[in-house]
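Working notes for the structure below.
Protein chains: 2
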Amino acid sequence: MPPRGTDGTRPVTINDIATATGVAASTVSRALNNPGRVNAATRERIEAAARELRYVPNSPARALSSGRTRAIAVLVSDVTNPFYFGVIRGTQEQLKAAGYAQLLIDTEDTGELEAEMLHKMRRSLDGAILAASRLPDRELARLAGEIPLVTINRNVPGVPSAIIDTPAGIGQAAEHLLSLGHRNIAYVSGPQRSWPNEARWHAMRAVAARHRLTFTRVGPFPSGRGSGPAAADAVLNTRATACIVFNDLLAIGILQRLRERHVRVPEDLSVVGCDDIFGADFCHPPLTTLTAPIEQAGRVAVSMLLSRLDRTAAPSPTTRQQVMLPVHLTVRGSTGPVPAPA
Amino acid sequence: MPPRGTDGTRPVTINDIATATGVAASTVSRALNNPGRVNAATRERIEAAARELRYVPNSPARALSSGRTRAIAVLVSDVTNPFYFGVIRGTQEQLKAAGYAQLLIDTEDTGELEAEMLHKMRRSLDGAILAASRLPDRELARLAGEIPLVTINRNVPGVPSAIIDTPAGIGQAAEHLLSLGHRNIAYVSGPQRSWPNEARWHAMRAVAARHRLTFTRVGPFPSGRGSGPAAADAVLNTRATACIVFNDLLAIGILQRLRERHVRVPEDLSVVGCDDIFGADFCHPPLTTLTAPIEQAGRVAVSMLLSRLDRTAAPSPTTRQQVMLPVHLTVRGSTGPVPAPA
DNA sequence: AAAGTCATGGCAATCGTTTGCCATCTTTTG
DNA sequence: CAAAAGATGGCAAACGATTGCCATGACTTT
Chain A
8 MPPRGTDGTR PVTINDIATA TGVAASTVSR ALNNPGRVNA ATRERIEAAA RELRYVPNSP
68 ARALSSGRTR AIAVLVSDVT NPFYFGVIRG TQEQLKAAGY AQLLIDTEDT GELEAEMLHK
128 MRRSLDGAIL AASRLPDREL ARLAGEIPLV TINRNVPGVP SAIIDTPAGI GQAAEHLLSL
188 GHRNIAYVSG PQRSWPNEAR WHAMRAVAAR HRLTFTRVGP FPSGRGSGPA AADAVLNTRA
248 TACIVFNDLL AIGILQRLRE RHVRVPEDLS VVGCDDIFGA DFCHPPLTTL TAPIEQAGRV
308 AVSMLLSRLD RTAAPSPTTR QQVMLPVHLT VRGSTGPVPA PA
Chain B
8 MPPRGTDGTR PVTINDIATA TGVAASTVSR ALNNPGRVNA ATRERIEAAA RELRYVPNSP
68 ARALSSGRTR AIAVLVSDVT NPFYFGVIRG TQEQLKAAGY AQLLIDTEDT GELEAEMLHK
128 MRRSLDGAIL AASRLPDREL ARLAGEIPLV TINRNVPGVP SAIIDTPAGI GQAAEHLLSL
188 GHRNIAYVSG PQRSWPNEAR WHAMRAVAAR HRLTFTRVGP FPSGRGSGPA AADAVLNTRA
248 TACIVFNDLL AIGILQRLRE RHVRVPEDLS VVGCDDIFGA DFCHPPLTTL TAPIEQAGRV
308 AVSMLLSRLD RTAAPSPTTR QQVMLPVHLT VRGSTGPVPA PA
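And the structure:
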């Protein structure tokens, strides 16, 4: 059992440092983690020895006795969706800075897998960030009691969240289309159980109520380029001259199908996406879209989570329970004046 | 210390099961991990109790005593590069199936960070997959002694690897261009310390030697769309009528710049990329590229790593040390006949 | 000068598993 | 039928840290 490690040398432990400096292991532990608790002189000796011996703390051991693992999980519903790249990038950055490890989990868009993973790993995690939970509110609230949680783009009472305010952006998008003369707009719906999808749809309705315009909803479609053809055909089947699409991935799929069907964008139909993912600027035509601060959402979510973990007895003084991130409309080539009536 | 867990209930341990079934903890452990070692009847009783009590093993504790963490790290040089999405997807899938956790690490393209991370985490990992190591061969070999390693697209003696045979594809790409009449081809070089970049360049030279054609090398450029303008300008500064670009990301950046400069693709210049990443099919014009089995590379790398870990005393019978994955040329809109000489 | 405070460091229990070793009981073998 | 072999389960020692509690000595306070 002792001779672990492929190189044969037994890894150096806290005890080796203790022996080397002539203090107790407990003192070493304190010197390293709780600097105020030990005399400056001894601490320095210990730190020197630790450096000398190239000591690296054994995280499992630490986790076992302290209960803290310094690992947090990031759950996404589909790692190949570019939207999550941004999230992952943001969390990655912030977590690394704080000395936490990032466990990436693909939930494959199923709530069961999500809940199961979270439950099983709850002892080996300090917390989790849910980038696209498919879980019902109640379940989510329950899990939040098991393990510290922060959601992105999902608002559940009692669970802190970073929310990208795409719904507000929908207003801007609609006004943009209005100013181009469009009066008949379709909303292309994403997955039914997606919280942001519902929020965007509600925003659409609100906008439509404020202005005089007709709107239709088509879908729902699974988010992904594969749904593009069906979605495009559905839109063409309405009288809409423009559409706002649940997300860019789907919008790009629609663009491709429209080209196949020789429908010109934006001459015959204007298309607006959401998120401004990788690719939205170089697809053809470049996509007018609601630019979301995706990376920032990841960073913010991590900050919220970490501040919850660190709080030493303090209930929740400065930490807000919800952070709303603004989006803005980026106009590119996929939107234009309404076509002259046939 | 005992009252951990936000919900207050102390988590179920192996001892609870032992008490419940009237056996020793060690027997429970064996029943759960080493089924053959314990009587079928007792094992079933234990399994039933475990299910009943909703037992979830505590991984840190397990890791501490066994030395195995059931976690493996995947190191990429830049999480926002779509090439790695594929890799991550592949590893994710395979690791989950094998019951391993995936730790995602962004090395920010620096060898030091890579080595440091690997060294620091070696006790909390069972192994690692390096998707784009920037480390020198020697260093890599040394680290492979510290912790089981598998590389992707990097060939170092003694370190198992999954290699995408893009160099072979370069031949196909060159022949494609030749058949279109191109005789003057530029290779747009990626990062200098990138192993695949060098391999691709060597392949280019080999092809050029076989056929009668002039070739130039421009670069190196950091891989990323940001390098597009500089790279495009550099290519235009040569007499090349076509270029093969280190990777699609850079190629897409070049496409954008060419459009800005009103250079028509493929009429004025043909462009070939490598990898066939997300976006290569819907950029404008769609990119002719060498389609790489990226996800598969991730899966293969995981299999190789896992088989090394599992091998119970067996030296290395069936496991190959290197797996070569074939690519194929996907012709899209960015390549065409050589322009008539001015 | 007695009594209280504080800073410092050691002891030992604990976290939840795994695993080497041994004891017992049951089979098989010669 | 005795001896060897195998199956099964328990004991207890790790694994490497953290942390509550206590002892000591120095420094304040009254």
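Quick mapping for you: the protein sequence lines, in order, are chains A and B. According to my numbering, numbering within the first sequence proceeds without interruption in unit steps and concludes at 349. According to my numbering, numbering within the second sequence proceeds without interruption in unit steps and concludes at 349. Each residue gets a CB set at the ideal place from its N, CA and C atoms; glycine is no exception.
Express the C-alpha separation of residue j and residue i in angstroms, rounding to a whole number.
i: A/Pro322; j: A/Arg315; result: No answer about A/Pro322 holds up, because its pLDDT of 49 lies below 50 and its placement is not dependable.
i: B/Gln329; j: A/Asn46; result: 54 Å
i: A/Pro222; j: A/Tyr194; result: The sequence given here places Phe at residue 222 of chain A; Pro does not occur at that position. Spanning the two alpha carbons is a distance of roughly 7 Å.
i: A/Val63; j: A/Glu54; result: 12 Å
i: A/Val252; j: A/Ile192; result: 10 Å
i: A/Pro9; j: A/Arg17; result: Because the pLDDT at A/Pro9 is just 39, under 50, the model does not fix this residue reliably, and the value given afterwards should be weighed accordingly. Each residue's alpha carbon lies about 7 Å from the other.
i: B/Gly226; j: B/Leu102; result: 37 Å
i: B/Thr337; j: A/Leu262; result: 21 Å
i: A/Thr114; j: B/Arg96; result: 12 Å
i: B/Thr319; j: A/Asp116; result: Interpretation of B/Thr319 is limited by its pLDDT of 48, a score under 50 that renders its predicted location unreliable; the figure taken from the coordinates is listed afterwards. In a straight line, the C-alpha of B/Thr319 is about 36 Å away from that of A/Asp116.
i: A/Asn204; j: A/Gly197; result: 6 Å
i: A/Arg11; j: B/Arg232; result: Annotation note: pLDDT 36 at A/Arg11 (below 50); position unreliable, coordinate value reported separately. Their backbone Cα atoms lie some 45 Å apart in a straight line.
i: B/Phe228; j: B/Pro143; result: 20 Å
i: B/Ala210; j: B/Arg200; result: 17 Å
i: A/Phe285; j: A/Val86; result: 14 Å
i: B/Leu257; j: B/Ala247; result: 17 Å
i: B/Cys250; j: B/Thr296; result: 11 Å
i: A/Thr158; j: A/Trp202; result: 11 Å
i: A/Glu100; j: A/Arg306; result: 7 Å
i: B/Val94; j: B/Ala138; result: 8 Å
i: A/Asp288; j: B/His291; result: 11 Å
i: A/Arg37; j: B/Asn65; result: 25 Å
i: B/Ile239; j: B/His183; result: The question names Ile, yet the displayed sequence has Ala at residue 239 of chain B. Spanning the two alpha carbons is a distance of roughly 21 Å.
Alpha carbons only, please: which of the options is nearest the one belonging to residue i?
i: A/Leu187; options: A/Gly43, A/Pro344, A/Thr26, A/Ile170; result: A/Pro344
i: A/Glu146; options: A/Val81, A/Leu132, A/Leu125; result: A/Leu125
i: B/Asp172; options: B/Leu313, B/Pro300, B/Gly134; result: B/Pro300
i: B/Gly118; options: B/Val83, B/Leu102, B/Asp282; result: B/Val83
i: A/Pro346; options: A/Arg268, A/Leu111, A/His189; result: A/His189
i: A/Ser341; options: A/Ser277, A/His209, A/Ala210, A/His218; result: A/Ser277
i: B/Met354; options: A/Ala108, A/Ala139, A/Ile136, A/Leu132; result: Here chain B covers residues 8 to 349 and nothing more, so residue 354 of chain B does not appear.
i: B/Gly213; options: B/Ile177, B/Gln199, B/Arg246, B/Thr245; result: A quick correction: the sequence has Ala, not Gly, at residue 213 of chain B. It is B/Ile177 whose Cα lies nearest to the Cα of B/Ala213.
i: A/Ala56; options: A/Val19, A/Thr87, A/Glu153; result: A/Val19
i: B/Pro333; options: B/Ser310, B/Val309, B/Ala304, B/Leu312; result: B/Ala304
i: A/Pro89; options: A/Trp202, A/Leu111, A/Asp283; result: A/Asp283
i: B/Ser73; options: B/Ala135, B/Ala181, B/Pro236, B/Ser131; result: B/Ser131
i: A/Leu312; options: A/Arg246, A/Ile79, A/Arg207; result: A/Ile79
i: B/Val309; options: B/Arg52, B/Arg58, B/Leu156, B/Glu59; result: B/Leu156
i: A/Gly106; options: A/Ile112, A/Tyr91, A/Arg77; result: A/Arg77
i: B/Asn254; options: B/Trp208, B/Ala48, B/Ala241; result: B/Trp208
i: A/Thr28; options: A/Pro164, A/Ala48, A/Ala175; result: A/Ala48
i: B/Ile24; options: B/Arg50, B/Val94, B/Asn41; result: B/Arg50
i: A/Gly280; options: A/Leu294, A/Glu267, A/Phe289, A/Arg268; result: A/Leu294
i: B/Leu120; options: B/Leu71, B/Ser140, B/Gln99; result: B/Ser140
i: B/Arg401; options: A/Ser168, A/Leu39, A/Glu123; result: In the structure as shown, chain B begins at 8 and stops at 349. Residue 401 of chain B is therefore absent and cannot be evaluated.
i: B/Ala148; options: B/Val166, B/Arg161, B/Gly260; result: B/Val166
i: A/Asp275; options: A/Glu302, A/Leu243, A/Val30; result: A/Leu243
Under the DSSP definition of a beta bridge, which residues are partnered with residue i?
i: B/Gly223; result: According to the sequence provided, residue 223 of chain B is Thr. The question's Gly does not apply to it. Answer is B/Ala193, bridged to B/Thr223.
i: B/Met331; result: B/Ile170
i: A/Leu336; result: A/Leu297
i: A/Leu82; result: A/Ile112, A/Leu137
i: A/Val30; result: Per DSSP, none; premise fails for A/Val30.
Mind pulling the chain A residues with CB within less than 9 Å of residue i?
i: B/His291; result: Phe289, Cys290, His291, Pro292, Pro293
i: B/Asn40; result: The premise fails here: B/Asn40 is roughly 16 Å from chain A at the closest Cβ pair, so nothing lies under 9 Å.
Mind pulling the chain B residues with CB within less than 9 Å of residue i?
i: A/Gln263; result: Asp288, Phe289
Who are the neighbours of residue i on chain B, taking C-beta pairs under 7 Å?
i: A/Leu71; result: Pro67, Ala68, Leu71
i: A/Val86; result: Phe92, Ile95, Arg96, Gln99
I want to verify the contact list: residues of chain A whose CB lies under 7 Å from the CB of residue i, in sequence order.
i: B/Phe253; result: Residues of chain A passing the Cβ test: none, with the nearest at roughly 18 Å.
Applying a beta-carbon distance threshold of less than 8 Å, which residues of chain A neighbour residue i?
i: B/Asp113; result: Arg96, Gln99, Glu100, Lys103
i: B/Gln109; result: Leu110, Leu111, Ile112
i: B/Thr76; result: Pro67
Please compile the residues from chain B whose C-beta is within a distance smaller than 8 Å of the C-beta of residue i.
i: A/Arg130; result: Pro18, Val63, Asn65, Ser66, Pro67
i: A/Phe228; result: The contacting residues do not exist; A/Phe228 stays about 18 Å from chain B at best.
Quiz prompt | Ordered list of alpha helix (DSSP H) runs contained in the stretch 109–192 of chain B, each at least 4 residues | solution = 118–128, 144–153, 173–186
Quiz prompt | Every unbroken beta strand (DSSP E) within the stretch 44–99 of chain B, with a cutoff of 3 residues, ordered by chain | solution = 78–83
Exercise. Counting only runs of 4+ residues fully inside the stretch 222–257 of chain A, write out the alpha helix (DSSP H) ranges in chain order.
Key: 235–243
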